[in-house]
Structures are given as structure tokens and as C-alpha cells.
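One structure below.
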Amino acid sequence: MLKLRIDPNAVAWRWNGTAYVTPGGRSELAPFTHPLVEQVAATDGTRTAIIVRERAPGGATVSRDLVAVTADELDYITDQARRWPLDYVLIETAPHRPVRLTAGAVRSTPLFLAHQDGILHGSWDMADLQPYAGGLHPKEVTRMLVYRPRYSTDTAFAGIRRLTERATATFGGDLVIRYPEPVLHAAPRALAVGADVLAAFTAAIDMALDARPLDPDATLCHLTGGLDSGSIGIRAARRWPGRINTATLVIIGAGRNQQIRRRAEIRDKVPFGPHDLCLDTRDLPMFAPGCARVRGELVSPYDEPLHQHFVALNRQIAGLGAHTVVTGLGGDEMVAVGSAESAQAARDKREDFDLPWLGPRARAGIEYGDDGIAPPAMAGGITLLAAECVAPPLLQTGLWPVHPFAHQALVELGDRLPFYWRELKQLQRRHLATFGLSEDACNPKARESFAELVEESLMLHGIPLLRRILDEGSPLIEDGFLDPDGLKGMVAALESETYREDTHSKLVEVITLDAAARAFL
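145 is the number of the first residue of the sequence shown in my numbering; add one for each residue after it.
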């Protein structure tokens with residue numbers, strides 16, 4: 145939600161109409177311009193606090209100009225800033241003291257940090273920090289190659305850090321990020337007599353939607369046809385009849401016709417807006433020669449593998465005049481089943497990391513994958529990483545992301561629900577059924593995913609890119625994360641044997657990481 149360049153010795157901040165700056169241009173802090181983002185700035189003559197945050201409903205319009213206050217008033221302002229219920233970043237500066245940045249518990253957007261020559265740099269767009277990338281980060285690259293993502297301050301590049309939720313970064317020449325205390329979650333409990341779970345679910349969705357002053361005429365819902373986006377989208381459409389437009393990527397493969405059919409039924413049953421943007425992936429395989437990654441552009445390794453598709457869809461969404469996108473992201477973790485509750489989940493699920501292309505450095509790093517990760521947060525780590533994944537392509541087109549399933553009301557409801565309401569997403573399925581949707585819409589039989597698109601893309605464009613890695617080399621090979629002989633054997637198998645999704649699909653991460661390493665390093 146902001147980009148920054150801060151010299152800890154610079155003082156006398158002022159608002160110049162687009163950013164907060166200091167004399168001589170040594171420091172600059174530029175908030176993301178959007179109707180759902182606001183800024184507050186105050187100084188007591190020595191210390192300065194600048195807050196960039198999501199706007200809450202019902203609040204008075206705040207001035208962007210730097211306001212003079214007493215020391216006690218500044219303490220109150222910073223204390224209240226840390227209690228803000230939505231996404232925020234608090235920046236505190238003072239002469240001859242380290243700069244301090246604090247992030248909120250609700251992370252709609254990432255903030256990546258780097259430093260060089262005594263200057264702190266930060267941005268929601270990792271591409272801005274390319275000059276400071278340094279080398280590859282062993283633990284994080286290993287996590288990514290073995291598909292074991294972890295939410296932490298680490299990124300794939302040693303010189304770039306992530307400011308995680310509720311964490312505090314201190315910079316006075318070196319950058320230190322301190323994690324917060326873990327969030328304690330409630331355990332599932334038995335329902336009270338007469339408890340109406342679906343009414344509680346609806347009320348929690350309403351609380352999440354009401355947390356920000358959404359303009360329904362400028363708000364669009366991702367409506368994939370899935371149970372999560374369907375639950376959020378339908379409720380939004382019922383609250384604002386005829387005003388919430390929709391968009392999605394249309395898949396290929398066995399679930400394609402079912403997705404199209406189910407989405408059509410949902411839109412027929414519920415009063416959505418008149419526009420439904422459907423970007424068909426049938427003729428848009430991943431890693432085509434013209435896509436940004438293959439052209440060598442600075443695409444973050446955390447951006448979607450379907451980066452080119454979402455960029456194109458986001459442009460269409462912005463073209464409708466929308467400035468906010470509501471998603472179903474986080475629905476999986478909201479009703480996740482704990483290991484103590486089901487025999488299936490309690491089974492020892494030993495993860496198989498025996499991928500033939502892993503180099504010696506990656507194999508040695510697997511056992512350290514959980515070192516230094518962030519403590520439990522209100523939203524799950526996978527949800528927080530996913531939010532970071534979708535945010536930059538949205539912000540690049542002026543769109544702001546909203547993820548209701550990451551809101552406290554829905555997270556806490558999910559924590560308390562008995563197992564049988566969470567198993568196989570019974571909560572979402574029963575919620576959809578209350579709107580008169582068919583069995584097909586509430587309980588789809590075919591899998592709707594991008595698995596077939598991944599397979600087609602690997603066979604068509606992925607193999608040449610993997611051969612390029614083998615022929616030209618890669619930072620991943622040079623640093624011991626990829627074994628060229630193992631990769632060569634896997635490419636030969638991909639060409640000559642039956643495609644195996646569980647193994648072959650993981651080559652997507654090899655391609656995206658190689659592309660990022662080439663571009664950033």
C-alpha cells in the first residue's frame with residue numbers, strides 16, 4: 145500500500161501532493177492512491193509518525209498534511225494506529241534514531257524491504273527492489289522448489305525482506321525485523337441448542353463486507369464458480385442487487401463445462417450486476433513467448449504462475465470502472481480440518497521431497513524449512529501468502545483487493561465450528577443451497593482446476609524453457625539448487641512418458657523461479 149525511500153537522518157517531512165518528502169529528496173514515502181486508502185501524519189517537533197491504512201467506514205475525512213501535535217498526543221496517535229482493524233503500515237522517524245515500521249494484522253498488500261548505503265527502500269512491488277536483490281536465499285528457494293511455502297520475513301532473494309503481519313522493522317543502518325507474539329485460536333466446540341450456523345456465517349460475511357466503505361458500483365467479485373467465491377459473491381449480490389459485477393478465468397479440461405454451467409446458474413439465481421468478464425484460458429497457455437516472464441521482465445517469484453492471465457483479466461476489470469475486487473481467497477483455511485479431528489488427517493502424511501531435479505543445496509536445506517517462520521496469525525500463513533500473490537497485479541491496474549475470509553469474524557467462526565461443518569466445506573455447500581441452487585451447483589462432481597492448463601503449458605512451452613535452463617545454465621544450477629542431470633532426465637520423461645500431475649506439475653516452480661532469478665539477478 146506504499147512505496148518508500150528513507151534516510152534515517154532526514155527530518156522535516158512534508159506532504160507535496162503525491163508523497164511525503166524531506167528536504168533534498170533523500171526520503172520519500174508514496175501511499176497507493178485509492179478510495180479505500182488514507183494517510184495520517186503528525187509530528188511533535190522531534191518525532192514524526194506517518195500512517196498509511198485502509199479506510200474504515202464512518203470515519204471523518206483526514207488531512208494528508210503533517211499536523212503539529214504534543215508529545216502525548218503523538219503517543220496516543222501511534223497507540224491508536226496499532227489498534228487499527230484493517231491493513232496499515234505505521235512509519236515512525238526521529239533525528240538520530242532508527243526508523244521503525246509496524247504492519248497491521250490484516251495484510252491486504254505486501255511490503256518488501258531492502259537497504260543499501262544507509263537508505264531503507266520499500267515497496268508493494270518487488271520489482272522496485274531489484275537493484276538490492278543480492279543472491280538467492282537458500283531456505284526460501286528450497287521451500288519454493290519443494291512446494292512447502294512458509295510465511296516469514298524471508299524472500300527468494302537474500303537482499304529483500306518481507307514485513308509480515310504485526311511485525312516491526314527497525315532500520316538505523318541495518319535492518320532488523322521482530323516478529324509479534326502468536327495469535328491464539330479458539331478450539332472447535334459443540335453447538336448450542338438451536339444454534340443457526342448458516343445465519344452466523346451470513347452475519348460474519350456481512351461484518352467482513354462492512355469493514356470497509358465499499359462502493360458496490362465500483363466493486364467486482366471474483367466468481368470462479370468455486371464454493372468460496374460463490375459464498376462471498378452471492379451474499380454481496382444479495383446485499384447490493386444488480387450492482388456487483390463478476391469476473392473469472394475459464395478453465396480447460398474435464399471441469400470446464402461444469403464451471404461454465406454452475407456460474408451461469410449462480411448468476412441467474414442471484415441479482416448480480418450486468419457485466420460478467422470471462423477470460424478463456426483455452427487458447428492462452430502459460431509461458432507463451434510473449435508473456436512477461438519469458439520476455440525477462442521483473443515478475444516476482446511470488447506472483448501467480450498464471451500471472452499473464454490475471455494481468456489481462458485485471459485490465460478488463462479496471463476497464464469496467466471498478467476499483468475494488470472481492471475474492472474468495474482464504475476459504476480453505478477458514479474451514480481447515482485439524483489433525484486431531486479426523487483419522488484421515490491424523491495419519492502420518494510424510495511429504496515426499498524426492499524430486500529428481502533437486503540439487504545438493506536444496507536437499508540439504510529441506511530440514512530447515514520451518515526455521516525462522518512467522519508465528520501463528522489471525523489468518524493462516526497460506527492465506528497471507530496468497531494475498532501477497534494476487535495483490536501486485538491488482539495494484540498495478542489501480543485495483544484494491546478485499547479478502548473477506550481473512551476477516552476476524554469469519555476466521556473466528558471457522559475456529560469454533562465442529563468438524564462436520566468444516567469437513568469438505570459443508571458450511572459453504574449448505575450456504576449455497578439456501579439460495580435454491582441445484583445439486584450440481586452446490587456439490588460439483590468434476591474437479592475444477594487449472595491442472596489441465598498446467599499440463600498443456602508444460603508440454604507446449606515448458607519443455608523448451610527447461611531445455612534452455614539445461615543449455616544456457618541458471619542461477620539455480622550455479623548455486624546448487626537444481627541438479628542438471630536430474631532435470632535432464634525429468635525433461636526426457638516428460639517428453640516420452642505419460643504425464644504425472646503429482647510430480648511433473650512441480651516443474652512450474654522451476655520455470656518461474658529460474659525466470660525470476662534471471663531477471664532479478
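From the three backbone atoms N, C-alpha and C, an ideal C-beta is built for every residue, glycine too.
query, result
"If contacts are defined as beta-carbon pairs under 8 angstroms, then residue 430 and residue 449 qualify, I think. What distance do you get, rounded to the angstrom?", "6 angstroms"
"Alpha carbon to alpha carbon, what distance is there between residue 583 and residue 388?", "25 angstroms"
"Along the chain, where does the beta strand (DSSP E) containing residue 389 start, and where does it finish?", "389 to 394"
"Bridge partners for residue 175 per DSSP, in chain order?", "146"
"Is it right to say residue 589 is buried, meaning 16 or more other beta carbons lie within 10 angstroms of its own, or is it exposed?", "exposed"
"What does the alpha-carbon distance come out to for the pair residue 461 and residue 171?", "34 angstroms"
"Is the separation between the beta-carbon of residue 229 and that of residue 552 shorter than 9 angstroms?", "yes"
"Which runs of the alpha helix (DSSP H), 4 residues or longer, sit entirely within the segment 194 to 230?", "215 to 225"
"For the alpha helix (DSSP H) that residue 315 lies in, which residues bound it at each end?", "Taken as a continuous stretch (DSSP letters only), residue 315 belongs to no alpha helix (DSSP H), being part of the beta strand (DSSP E) at 312 to 315."
"Taking just the CA atoms, how far does residue 154 sit from residue 167?", "8 angstroms"
"CA-CA distance, residue 222 and residue 533?", "29 angstroms"
"CB residue 521 to CB residue 310, shorter than 9 angstroms?", "yes"
"When you compare the CB positions of residue 560 and residue 332, do they come within less than 9 angstroms of one another, or not?", "yes"
"Return the chain-ordered list of same chain residues with a C-beta closer than 6 angstroms to the C-beta of residue 164, the five sequence neighbours on each side being excluded.", "157, 173 and 194"
"State the Cα-Cα distance for the pair residue 487 and residue 587, rounded to the nearest angstrom.", "Reliability fails at residue 487, whose pLDDT of 40 lies under 50, so the model's placement of it is uncertain and no value is given."
"Check this for me: beta carbons of residue 558 and residue 478, under 9 angstroms apart or not?", "yes"
"In the DSSP assignment, what residue or residues form a beta bridge with residue 468?", "363 and 544"
"What runs of the alpha helix (DSSP H), each 4 residues or longer, lie entirely inside the segment 549 to 598?", "552 to 560, 563 to 566, 570 to 577 and 583 to 586"
"Using C-beta distances below 6 angstroms, list every residue in its chain close to residue 485, excluding the 5 sequence neighbours before and after it, in chain order.", "For residue 485, the predicted model reports a pLDDT of 40, less than 50, meaning its position is unreliable and no value from the coordinates is stated."
"Can you check whether the CB of residue 372 is closer than 9 angstroms to the CB of residue 472?", "yes"
"Near residue 663, which residues of its chain fall below 6 angstroms by C-beta distance, leaving aside the five closest residues on each side in sequence?", "440 and 442"
"Pop quiz: residue 403 and residue 395 are said to be a contact at Cβ under 8 angstroms. What is the actual Cβ separation, rounded to whole angstroms?", "6 angstroms"
"Going straight from the alpha carbon of residue 381 to that of residue 547, what length do you get?", "16 angstroms"
"For the alpha helix (DSSP H) containing residue 189, list its first residue and its last residue.", "Here residue 189 belongs to no alpha helix (DSSP H), and DSSP marks it neither H nor E."
"Just confirm the distance between the C-beta atoms of residue 437 and residue 656, as a whole number of angstroms; I'd bet it's less than 8 angstroms.", "7 angstroms"
"I'd like to check one pair, residue 246 with residue 518: are the Cβ atoms closer than 9 angstroms?", "no"
"Report the residue from 169, 162, 160 and 161 whose alpha carbon sits nearest the alpha carbon of residue 149.", "169"
"When the Cα of residue 262 is compared with those of 665, 499 and 316, which residue comes out closest?", "316"
"Tell whether a beta-carbon distance below 9 angstroms holds between residue 279 and residue 301.", "yes"
"So, helix, strand or coil for residue 325, using DSSP?", "coil"
"Between the Cα of residue 610 and the Cα atoms of 452, 596, 627 and 594, which residue gives the shortest distance?", "627"
"Exposed or buried, which one is residue 458 when buried takes at least 16 other CB atoms within 10 Å?", "buried"
"So what does DSSP say about residue 286, is it helix, strand or coil?", "helix"
"Taking 8 angstroms as the threshold, find out whether the segment 273 to 290 comes into contact with the segment 336 to 344 through three or more Cβ pairs.", "no"
"Do residue 283 and residue 513 have their beta-carbon atoms positioned less than 9 angstroms apart in this structure?", "yes"
"To which residues does DSSP link residue 266 through a beta bridge?", "148 and 257"
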